[in-house]
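For the sequence shown, the UniProt record's numbering begins at 1 and goes up steadily by one.
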Amino acid sequence: MAERTRVRQPLLPLLVDHVTNRWMRLREILAAAQAVEPGERFTAAGAQWQRTASEYDLKRAKTEKSFPVRAVNRDTGELVAVTRDETAAFWDWAVVEVLRHAGLRIEELTELTHLSVRNYQRPNGEVVALLVVTPSKTDRERVIPMSAELFHVIAQVIRRHRATYGTVPIASRYDVHEKVWCPPLPYLFQTQTGLERQAMSTTTIWRRLRKCCTELAKTHPEFVGTTFSAHDFRRIFATDLVNSGLPIHIGAALLGHLNIQTTRGYVAVFDDDIVRHYQQFLDQRRQLRPEEEYRDPTSEEWSEFQEHFDKRKVELGSCGRPYGTPCAHEHACIRCPMLSVNPTMLPRLDELEDDLVTRRQHAIAQGWKGEVEGIELTLTFLRSKRAQVHRSQQLPPVNLGIPSFPHSRPTTE
C-alpha cells in the first residue's frame, strides 16, 4: 500500500488540474452557447463554435424552457453535447475534490446529504462550517470542520441543485451492504435515471475516477494502467490524520446530539418527514456504536475546543490541521497543504513571491544549488495556492439554506 501511495501522490495534482480545467472549459462553452440561438456562432474557450439543435430539440423548445445544448467546433468539426459533458465534468470535479479534501470513504460520500452540512457560530461571531459523516458498524461518526476548499465544493454542489430544482431534491439510495433501500433523502451526490432520482452508487463513483485516469493517460503516460480509488485519496497527505474530525463526543454535543427536529432551519427547506427520516437514520446508525463515544464533554475539553480555532489563524489565512494537533510543518505555511489562504492576503502573496524571486537570483549567482531548489519548491506551492484562490473567486457565493447553531456550550439531558 505504501508503494501504491508513493506512485499516486505526484499524480494527484495532474488529476485535480484535469478535472478542474475540463469543467471550467465546458462551463464557459455552455454559458456562451446558452446566450445565442441555434445556428448562431460564438467564441468560447479559445475556439469558434456554432450552436446546433436536432429536430427533436426544436420541438422540445416549443414546450420547454430549456433543452440540451449542442455545439459544433468550427475548427475541428467536432459535435459536442455541451450540457451532457458539462454535467459529467462537474460531477467528476466534485467527486475528486470532496474525496481529497475530506478523506471520505466511498460509502460515506454516497451518504452525504444537505442535512450533513451544519454551521456553528463561535462566541466571537466566527462561523465554522461542519460536515457530519454518519457512523456505521465499523466506522465512528465524524464531525469535520470544513476547510475553505471543501466548503467551496460542497457549496457548488448545493448551488447546482438549487439552480435547477430550487432545493436539493429527494432521492432514493440502495445500501449494498445492508441490502435495503434507505428512506429518500436530499443526497448531495445523485443522478437522474429516467424519471427517478437516485443517490450515486459506489460503482458510479469508481467508474468516474477510472474514466478520468483513462483520459489523462492519453497525454500523460504515467497514468497508463493507473487508477485512483477513493481510499487512495485517504492515504495521500496522511488523510487518516488530516480528516479525523473533532472528538466525537464533542462533535455530538456541539450539534445537540443531531436532534435537528428542534432546529427549524431545515424544516423551512424540507418536509417534516424528510427531517425525521434523517434523524431516524442517524439514530439507527448510532445504536451500532459504543455508548462511550457520545459521553458529555468536560468543561476543560470544551474550552480546548474553542481555543483550537484561534490557534489555527496565521498571517495568510487559516490552518486546516486536525483538531487537537500542533503544527507538523514547523510553520512553513506556504508549503503546507493545510493552509487556506484568505483572498484579502493575495497582495501579501505577491510580495512574498517577489522576495523569493530575488533570493533565487542571489542563490543562483552564488552557486547555492540546494537553496535554489528549495526556493523553487516554495514558489511552486505559492503559485498553486494563489491559483486556487483565484479559482474559488470565479464563482458567486451560495446561500446554502442551512441552520446555524448558537454559540453557547451545548448541553445534553
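Beta carbons: idealized from backbone N, C-alpha and C, even for Gly. Predicted, not measured: the structure shown is a model, and the values here were computed from it.
_Are there any heavy atoms of the ligand ZN lying less than 7 Å away from the beta-carbon of SER116, as far as the coordinates show?_
As presented, the structure is devoid of all ligands, the ligand ZN included, so that no description of it is given.
*asked:* Please list the terminal residues of the continuous alpha helix (DSSP H) segment that includes ILE334.
replied: Position 334 of the sequence shown, counted from the first residue, corresponds to residue 334. Run containing ILE334: none; DSSP gives neither H nor E here.
*Keeping to the same chain, check which residues put their C-beta closer than 7 Å to that of VAL82; ignore five residues upstream and five downstream.*
If you number the sequence shown from 1, residue 82 lands on position 82. Contacts found: LEU26, ILE29, LEU30, ALA33, VAL69, ARG70, ALA71.
*Does the beta-carbon of SER116 have 16 or more other beta-carbons within 10 angstroms, so that it is buried, or is it exposed?*
Taking the sequence shown and counting its residues from 1, one reaches residue 116 at position 116. It is buried - the Cβ of SER116 has at least 16 other Cβ atoms within 10 Å.
*What's the call for GLY245, buried or exposed, on a 16-neighbour Cβ count within 10 Å?*
Locating residue 245 in the sequence shown gives position 245, where the first residue counts as 1. A caution first: GLY245 carries a pLDDT of 48, below 50, which makes its placement in the model unreliable, though a value can still be read off. Looking at its Cβ environment, which holds 16 or more other Cβ atoms inside 10 Å, GLY245 is buried.
*Count the C-beta pairs between the region 187-206 and the region 123-138 that are closer than 8 Å, then say yes if the count reaches three, no if not.*
no
_Close-in-space but distant-in-sequence residues of the same chain around VAL96 (CB under 6 Å, 5 per side omitted)_ = For this step, residue 96 is matched to residue 96 along the sequence shown. If we look at VAL96 and ignore the five residues flanking it on each side, its Cβ neighbours are VAL19.
*Which parts of the region 160-194 are runs of the beta strand (DSSP E), unbroken and 3 residues or longer, counting only runs that do not cross its ends?*
171-175, 180-185, 190-193
*Taking 8 Å as the threshold, find out whether the region 313-322 comes into contact with the region 363-380 through three or more Cβ pairs.*
no
*Is it buried or exposed for HIS152, if we count other Cβ within 10 angstroms and need 16 for buried?*
Taking the first residue of the sequence shown as position 1, residue 152 is located at position 152. With 16 or more Cβ atoms within 10 Å of its Cβ, HIS152 is classed as buried.
*Buried or exposed: TRP49, going by 16 or more other Cβ atoms within 10 Å of its Cβ?*
Residue mapping note: residue 49 aligns to position 49 of the sequence shown, counting from 1. It is buried - the Cβ of TRP49 has at least 16 other Cβ atoms within 10 Å.
*Nearest-angstrom Cα distance between THR344 and ARG100?*
Stepping through the sequence shown from its first residue, residue 344 is reached at position 344. Stepping through the sequence shown from its first residue, residue 100 is reached at position 100. Distance between the alpha carbons of THR344 and ARG100 is about 25 Å.
*asked:* Measuring CB atoms only, is the region 5-20 touching the region 227-236, in the sense that at least three cross pairs come out at less than 8 Å?
replied: In this structure the region 5-20 touches the region 227-236; the number of beta carbon pairs closer than 8 Å is three or more.
*Could you please give the first and the last residue of the uninterrupted alpha helix (DSSP H) stretch that includes LEU379?*
Position 379 of the sequence shown, counted from the start, is the residue given in the question as residue 379. Counting along the chain, the alpha helix (DSSP H) containing LEU379 begins and ends at 369-393.
*Helix, strand or coil for GLU196, going by three-state DSSP, please let me know.*
Here residue 196 is taken as the residue at index 196 of the sequence shown, counted from 1. Here GLU196 sits in strand by DSSP.
_Sequence-distant residues of its chain with Cβ nearer than 8 Å to ARG60 (five each side left out)_ = Taking the sequence shown and counting its residues from 1, the one referred to as residue 60 is at position 60. Cβ neighbours of ARG60 beyond the five flanking positions: PHE67.
*Can LEU356 and LEU379 be called in contact, C-beta distance under 8 Å?*
What you label residue 356 is simply residue 356 of the sequence shown in a count that begins at 1. What you label residue 379 is simply residue 379 of the sequence shown in a count that begins at 1. Taking 8 Å as the Cβ cut-off, LEU356 and LEU379 qualify as a contacting pair.
*Exposed or buried, what is residue 497 when buried is set at 16 or more other beta-carbons lying within 10 Å of its beta-carbon?*
Outside the displayed span of the chain (1 to 413) sits residue 497, for which this structure offers no information.
*Can you tell me the Cα-Cα spacing of ARG144 and PHE233, whole angstroms?*
Position 144 of the sequence shown, counting from 1, holds the residue named residue 144. Position 233 of the sequence shown, counting from 1, holds the residue named residue 233. With the sequence shown as reference, residue 144 is identified as Ile, and Arg is not the correct amino acid for it. Straight-line Cα distance between these residues: approximately 16 Å.
_Buried/exposed call for VAL132, threshold 16 Cβ in 10 Å_ = The sequence position of residue 132 within the sequence shown is 132, counting from 1. Classification of VAL132: buried, given that the 10 Å Cβ count is 16 or more.
*Compare the beta carbon distance of GLN190 and ALA171 with 8 Å and say whether it is the shorter of the two.*
Locating residue 190 in the sequence shown gives position 190, where the first residue counts as 1. Locating residue 171 in the sequence shown gives position 171, where the first residue counts as 1. For GLN190 and ALA171, yes; Cβs fall inside 8 Å.
_LEU188 vs THR113 beta-carbon contact at 8 Å_ = On the sequence shown, position 188 is the one that residue 188 refers to. On the sequence shown, position 113 is the one that residue 113 refers to. The answer is yes: Cβ separation under 8 Å.
*Starting from the C-beta of ARG6, find all residues in its chain whose C-beta is less than 7 Å away, skip the five residues before and the five after it, and write them out in chain order.*
As a first step, residue 6 is located in the sequence shown; it is residue number 6 there, counting from the start. Cβ within range, chain order: n/a, list empty.
*In its own chain, which residues sit with a C-beta less than 8 Å from the C-beta of GLU37, not counting the 5 before and 5 after it?*
Translated into the one-based positions of the sequence shown, residue 37 becomes position 37. Hits under 8 Å: ARG51.
*Looking only at C-alpha atoms, which of ARG383, THR298, ILE236 sits nearest to GLY103?*
The residue you call residue 103 lines up with position 103 of the sequence shown. Check the Cα spacing between GLY103 and each of ARG383, THR298, ILE236: the tightest is with ILE236.
*Could you check the C-alpha separation between HIS257 and SER303 for me, to the nearest Å?*
In the sequence shown, residue 257 corresponds to position 257, counting from 1. In the sequence shown, residue 303 corresponds to position 303, counting from 1. Residue placement at HIS257 is poorly supported in this model, since its pLDDT is 35, which falls under 50; the coordinates are not used for a value here.
*Could you tell me if TYR165 is buried or exposed, where buried requires 16 or more neighbouring beta carbons within 10 angstroms of its beta carbon?*
Taking the first residue of the sequence shown as 1, we reach residue 165 at position 165. It is exposed - the Cβ of TYR165 has fewer than 16 other Cβ atoms within 10 Å.
*asked:* Tell me which residues share the same chain as LEU58 and place their Cβ nearer than 8 Å to its Cβ, disregarding the 5 neighbours each side in the sequence.
replied: Here the question's residue 58 lines up with position 58 in the sequence shown. So the qualifying residues of the chain are PRO38.
*Buried versus exposed, by CB contacts within 10 Å (16 or more), ASP350*: Your numbering for residue 350 matches position 350 in the sequence shown. The residue is exposed, with fewer than 16 neighbouring Cβ atoms inside 10 Å.
*Could you check if SER340 is buried or exposed, using at least 16 other CB atoms within 10 Å of its CB as the buried criterion?*
Translated into positions along the sequence shown, residue 340 becomes position 340. The residue in question, SER340, is buried, as its Cβ has 16 or more Cβ neighbours within 10 Å.
_Burial state of LYS385, where buried means 16 or more other Cβ atoms lie within 10 Å_ = One-based indexing of the sequence shown puts residue 385 at position 385. The residue is buried, with at least 16 neighbouring Cβ atoms inside 10 Å.
*asked:* Using only the alpha-carbon positions, how far apart do VAL389 and VAL98 sit?
replied: Position 389 of the sequence shown, counted from the first residue, corresponds to residue 389. Position 98 of the sequence shown, counted from the first residue, corresponds to residue 98. Computed Cα separation, rounded: 17 Å.
_Whole-Å CB distance - LEU352 paired with LEU382, under 8 Å assumed_ = In the sequence shown, residue 352 corresponds to position 352, counting from 1. In the sequence shown, residue 382 corresponds to position 382, counting from 1. About 6 Å separates the beta carbon of LEU352 from that of LEU382, a gap short enough to meet the 8 Å contact definition.
_Looking at chain D, is there any beta carbon in it that lies within less than 8 Å of the beta carbon of HIS177?_
Included in the structure is just one protein chain, with no chain D present.
*asked:* Quick check for students: name the residue ranges of the beta strand (DSSP E) that lie wholly in the region 35-69, counting only runs of 3 or more.
replied: Considered as a whole, the region 35-69 harbours 41-44, 47-52 as its complete beta strand (DSSP E) runs of no fewer than 3 residues, in chain order.
*Through-space distance from THR43 to LEU216, alpha-carbon basis*: Walking along the sequence shown from the start, residue 216 turns up at place 216. Walking along the sequence shown from the start, residue 43 turns up at place 43. Rounded to the nearest angstrom, the two C-alpha atoms are 26 Å apart.
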